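Just below is one structure, and these are the notes that go with it.
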Amino acid sequence: MNILPKKRWHVRTKENIARVRKDEAEFEDKKLQDEFRSLIADQEARTDALRKRARSSLGLPSGSAIEKHSVLLSDRSTSLIQGNKEYETEKKAEKEAAEKSIGLLTYLGQSMLDAGGQKPWYDLHPKRLRSDEDEKLKKKEEWEAKKKLRADPLTQMNKVSEWFEKKREEKSLEEAKMLRRADSCIAAMPGLFPDDISVPSKSTSSFLSKSLQETSACGSSQQSSKKKSKHKRKRRHRSKSHRSSRSSSSSSDEIPSTRVSDAIVPTPGPSSVAIELAKRLSMDKLRAERLQRERKERERAALVMAKAMGLSQAFTDPGQPEVPTDEREIPFNSAFNPELSAALAARRQRHREARRWSYQ
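As numbered in UniProt numbering, residues 1 to 360 make up the sequence shown, in order.
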């Protein structure tokens, strides 16, 4: 609350508030002192009355010594019944510090340090100023780094990828739940959905082992035939010098025999086996995809049929706990809480959508 300096008469000025509080404190102290004095006076009057009664009963004269002794006792009682001065001074210092910190209590010539505030900039050492500036720069750099990190497109892409990954996980969980429901429906209705998805008995692994055996046998036979042909050629080369005279007559007979012996019988090679294997693999892949499609269609049909027939297994997950059907165990009843019923909620949703489309 800002009050102009010329309005000293205002009730809410700091000086007036401090003066009022000071007057209230003085009044409380004076009141306590008066009560203390009244208590002491009552005690002294009571003791005097008791002494006089005792003297009158004993028949003793009233002497000055007894009166002096009573005066000493009264002085001692007043000296004993006093507050703790150290505690009072500590409380007073705490109160002054609190009032100075909020600016309520000020003295003439009081500085900012006396008031409990921070040092002004002109009273600070250059090193202190430099350290403060370094801290500010460090904080600013951290803030700028965070700002750049938030504005970085890679972070946005990571967020989007995380969102998509989360959606994929939710979709996979929903699909697994639907599969469990479909399996329960199929198990409940084996007559409607027989397990007629057949898988072929022949597999690619058996064909692969058979083809490898055939290729190894063909390779061994080809190697043996090559060795035999090489041995025959060496023998012909050695006997050529000895049979030079009969070369013209026997050349016509030996050429067709060598050609027939060197001829290789065509056998299925590794290239044809690889082609056949690739065909078999593609066929197996297509067959697996077809079986997966058939299973999905059967599960979907099972869910549709179960919903059409009103079976509860299509809507309940086997892993979920059973919902109590007793009205006493249900947390609320639609008759007593109509605003919580599903029909009214759906009606309200349709009404909102209709209003939204009308506004658009």
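Beta carbons: idealized from backbone N, C-alpha and C, even for Gly.
Treat the numbers as computed from the prediction; the structure is a model and nothing was measured.
Classify residue 186: buried if its beta carbon has 16 or more other beta carbons within 10 angstroms, exposed otherwise.
buried
In three-state terms, what does DSSP make of residue 134?
helix
Quick one: using the 10 Å Cβ neighbour count with 16 as the cut-off for buried, is residue 302 buried or exposed?
buried
Under 8 Å between C-beta atoms of residue 104 and residue 7:
no
Could you check if residue 181 is buried or exposed, using at least 16 other CB atoms within 10 Å of its CB as the buried criterion?
buried
My output table needs one value for residue 186: the three-state DSSP class, helix, strand or coil.
helix
Spatial neighbours of residue 178 within its chain, please: C-beta separation below 8 Å, excluding the five flanking residues on both sides.
299, 303
Rounded to the nearest angstrom, how far is the Cβ of residue 16 from that of residue 10, given a contact under 8 Å?
7 Å
For residue 39, which residues of its own chain have a beta-carbon under 7 Å away from its beta-carbon, when the five flanking residues on both sides are left out?
none
Collapsed DSSP secondary structure at residue 163 in the structure displayed:
helix
6 Å Cβ shell around residue 356 - same chain, five flanking residues per side excluded
none
On a CA-only basis, which of 50, 277, 295, 284 is nearest residue 183? Give me that one, please.
295
May I ask you to report which of helix, strand or coil DSSP gives residue 11?
coil
Note the first and the last residue of the continuous alpha helix (DSSP H) segment covering residue 122.
It is not in any alpha helix (DSSP H) - residue 122 carries neither H nor E in the DSSP assignment.
State the Cα-Cα distance for the pair residue 353 and residue 345, rounded to the nearest angstrom.
12 Å
Could you have a look at residue 89 and say whether DSSP puts it in helix, strand or coil?
helix
Could you tell me the alpha carbon to alpha carbon distance between residue 132 and residue 161, rounded to whole angstroms?
42 Å
Excluding sequence positions up to five away, which residues of its chain have a Cβ less than 7 Å from the Cβ of residue 91?
none
Close-in-space but distant-in-sequence residues of the same chain around residue 159 (CB under 7 Å, 5 per side omitted):
none
Can you give me the Cβ contacts of residue 12 inside the same chain, cut-off strictly under 7 Å, excluding the 5 residues immediately before and after it?
1, 3
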